[in-house]
């Protein structure tokens, strides 16, 4: 169902995930006599809507119920809208929607954004176009079927034109358009499927794009928090006498996670934080280090079942370290909490969940909490949690003034949610020249009684479990005397085989390599998409390896923006390289050792592939997910390349740790 919203301009709403609308589906919701039409109010009982408005200024505005954190979803959404409206991409605005007050889903994650927007965005735009064309036809007294749309205008056969903005008021009054409101067939797409520059590219490179830390909320004072040195630590005593007397300091507030300092500038706040004299209770992690965590993870693995009689085993236990999300923008939140209400600004993937948690923390009715969703400078799953917003709200409430809380890089690496450390036992049982049974057991620190903050990290469990699977697949091929690509190819059909064939050919699988070099391959299928990766590594020095070339082939269905898809595949590949070779967090007696990019060894430019090629397979089926897709394939390919280059069987990741 596509709803016409009671408004003075053409404003339509569509529930996400509905069927293709017909002309009869486009219903006008009447407003009460004598009431003034609002600018845009979504009408209907569906839990989630995408609302499109055409303004008199000829702007097409769609408030996106997702968050932009660099993945390019605003550009993809604008392309979907522009395609069906025949609008210029530069005439489409995609602001981020505030948290809904009716509990609707605004979740950003699971590589789901384009998948969930693809049909609804095109449908609502197609209905809008039909009404605009009908409005022009009635104004000019010509058959609607004779008109066409282009460049955010309706065009008549005689050359007359009318901008969408000039027609929006008339279009808002149309209940039944005179032309079809069905989306275009894929063969008529002119925008979808063509590489496009991000609609926010200029704002990003000129500094015009606003993040939470850039917002000028009246009275919001810079705020930082002193945190315990160990995970799970708490404040025992605090002497803030010196800090309170320092220049620019406005308040010192104790909260459950530490001690907050409010000041005129962040410089003053950070100086005063260093002047706090705090004694800390170490918490239950004080005696726990990496060795104990690994031991407990291995012990948590279930006892393996007996393999089939007469079979031989290809098996391994794989350990993956904790990993920081490390987005370029640290967590920042602005909060203005009053006695009876609260208003917050922060980047979040789960605004409706955050709103409920804020209401609980502040002991306020949920209807009195307003959450403004702000763009984020990277996430990779980090902004699924919203502890900075909770802290900012508690500090604002205690200090009785608005605050702008900023976490430091050290705060985030040592106290933010991390990818869980895991242990995997994988076994393939061989008999009669083939695999006759397989088993994969895993354990995560989430299952241990340890106060380690964890959170979903790009590709979640697949980045570890599927990596282990692909390593065992390579070792199985070797045990059977088969080439890794040929072995996989014999097991695969359809799309997985096609992407494997593509990377094998494009990446020149099996070509002669210098001593100490190796190639590796892996295939992954998830989110309705499939990817294969071929990595080539120089491990002449096994303690300083470099991936020199990566070839990726992906079938994601319809690639709305191939340029954005290539960027996603490249970024996910770098995550796979980093977590296999270099990037991880150490725990020393309850404390995270790493605290910045100086010691958290995410791959730098010198570790990046000299050559990267992404091949996007042609398809007209609906889009699958892509944001996380390549992490497991890249990780598996790099691990297998390292094994072939060094003649070793890596079992603990990252390898250089």
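In my numbering, the protein residues as written are -18 to 638.
Built from N, CA and C at the ideal position, the CB exists for glycine as well.
Practice item. Would you identify the three-state DSSP class for residue 22, choosing helix, strand or coil? Key: Low confidence applies to residue 22: its pLDDT is 25, below 50, so where it sits in the model is not reliable, and the reading given next is rough at best. The answer is coil: DSSP assigns residue 22 none of H, G, I, E or B.
Point to revise | DSSP-derived helix/strand/coil call for residue 102 | key: helix
Check your understanding: Is there contact between the segment 517 to 529 and the segment 486 to 501, where contact requires at least three CB pairs shorter than 8 Å?
Key -> yes
Point to revise | Top-ranked residue by Cα proximity to residue 353, from 47, -7, -9, 319 | key: 47
**Study point:** Residues near residue 638 by beta carbon distance below 6 Å, same chain, minus five either side
**Key:** 565
Point to revise | Cα-Cα separation between residue -3 and residue 291, rounded to whole angstroms | key: 53 Å
Check your understanding: Can you give the Cα-Cα distance for residue 97 and residue 104, rounded to whole angstroms?
Key -> 12 Å
**Study point:** Close Cβ partners of residue 466 (< 6 Å) along its chain, the five nearest in sequence each way excluded
**Key:** 485, 490, 502
Check your understanding: What is the DSSP secondary structure of residue 637, counted as helix, strand or coil?
Key -> coil
Exercise for review: With distances taken Cα to Cα, identify the nearest neighbour of residue 34 among 124, 53, 68.
Suggested key: 68
Check your understanding: Which full runs of the alpha helix (DSSP H) of 4+ residues lie inside the segment 465 to 503, going along the chain?
Key -> 465 to 472, 475 to 487
Practice item. Drop a sphere of 10 angstroms on the beta-carbon of residue 454, count the other beta-carbons inside from all chains shown, and report buried for 16 or more, exposed for fewer. Key: buried
Review point. Does the pairing of the segment 416 to 424 with the segment 273 to 286 give three or more beta-carbon distances under 8 Å?
Key: yes
Review point. Going along the chain, which residues of its own chain have a beta-carbon closer than 7 Å to the beta-carbon of residue 590, five neighbours each way excluded?
Key: 528, 529, 530, 531
**Study point:** Rounded C-alpha distance that separates residue 586 from residue 576
**Key:** 20 Å
Practice item. Could you tell me which residues DSSP puts in a beta bridge with residue 34? Key: -8, 42
Point to revise | Coarse secondary structure for residue 415, derived from DSSP in three states | key: strand
Review point. Which stretch, first to last residue, makes up the alpha helix (DSSP H) that contains residue 551?
Key: 543 to 562
Review point. Looking only at C-alpha atoms, which of 138, 546, 222, 275 sits nearest to residue 175?
Key: 546
Point to revise | Pair within 9 Å by beta-carbon distance, residue 540 and residue 443 | key: no
Point to revise | Span separating the alpha-carbon of residue 28 from that of residue 86 | key: Residue placement at residue 28 cannot be trusted, given a pLDDT of 42 that sits under 50; what the coordinates show is reported in the next sentence. Looking at the two C-alpha atoms, the distance is approximately 7 Å.
Review point. Which whole-angstrom value is the C-beta distance of residue 89 and residue 180, which I expect to be below 8 Å?
Key: Going by Cβ atoms, the distance from residue 89 to residue 180 rounds to 18 Å, so no, they are not a contact pair.
Exercise for review: Indicate the three-state DSSP secondary structure (helix, strand or coil) for residue 245 in the structure shown.
Suggested key: coil
Point to revise | Those runs of the alpha helix (DSSP H) which lie wholly inside the segment 241 to 297 and span at least 4 residues | key: 247 to 256, 271 to 281
Review point. Hey, would you say residue 400 sits closer than 9 Å to residue 328, going by beta carbons?
Key: no
Review point. Is it buried or exposed for residue 199, if we count other Cβ within 10 angstroms and need 16 for buried?
Key: exposed
Review point. Would a C-beta distance cut-off of 9 Å place residue 303 and residue 393 closer than the cut-off?
Key: no
**Study point:** Rounded Cβ spacing between residue 308 and residue 149 (contact assumed at less than 8 Å)
**Key:** No, residue 308 and residue 149 are not in contact; Cβ-Cβ is about 38 Å, not under 8 Å.
Review point. Which two residues bound the contiguous alpha helix (DSSP H) that contains residue 336?
Key: 332 to 343
Exercise for review: Would you mind sorting residue 49 into buried or exposed? The rule is 16 or more other CB atoms within 10 Å of its CB.
Suggested key: buried
Check your understanding: Mapping DSSP to helix, strand and coil, what is residue 598?
Key -> coil
Exercise for review: Could you tell me the distance, in whole angstroms, from the CA atom of residue 235 to the CA atom of residue 241?
Suggested key: 6 Å
Review point. Could you give the distance in angstroms between the alpha-carbon of residue 440 and the alpha-carbon of residue 220?
Key: 44 Å
Exercise for review: Please confirm whether residue 509 and residue 603 have their CB atoms less than 9 Å apart.
Suggested key: yes
Review point. Hey, residue 483 and residue 513: beta-carbon distance below 9 Å or not?
Key: yes
Review point. Per DSSP, which one or two residues make a beta bridge with residue 203?
Key: 385
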